[in-house]
Amino acid sequence: MAEEKEAFYVVKKGDVVGIYKNFTHVKSLLSSSSVAGESISVHKGYSLPKKAEEYLVSHGLKGACYSLGVSSVQEGLFGRLQACPYQV
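See the structure below:
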């Protein structure tokens, strides 16, 4: 259960990647009309690596929720991710 407390979600919409600390925020994004028709992928990870948090903070993305351009995402930045199926 401690692993679930460390869970985070990586959402890719177009050329923007968002990192969310809870699925409630992801669900509200998915149900909003602002994402209608967009191709969205959601992945779930556990325990955001310290290196990833430092990278995000160094790019001015500090806080519980982050976002950055897809071109800034480096392979393996978020550690091991798994696909997270969702329903709107």
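Residue numbers (numbering that gives the first Met the number 0): 0 to 87. Glycine included, each C-beta is placed from N, C-alpha and C at the ideal position. This structure is a prediction, so every number in the text was calculated from the model and none was measured.
Check: Could you give the C-beta distance for C83 and Y8, rounded to a whole number, given that I count them as a contact under 8 Å?; Outcome: 6 Å
Check: On the three-state DSSP scale, how would you describe L47?; Outcome: coil
Check: State the start and end residues of the unbroken alpha helix (DSSP H) segment that holds V25.; Outcome: 22-30
Check: I need the DSSP call for R79, collapsed to helix, strand or coil.; Outcome: coil
Check: Secondary structure at A63, three-state DSSP: helix, strand or coil?; Outcome: Low local confidence applies: a pLDDT of 43 at A63 is under 50, so the model's placement there is unreliable, with the coordinate-based value given in what follows. Three-state result, A63: coil.
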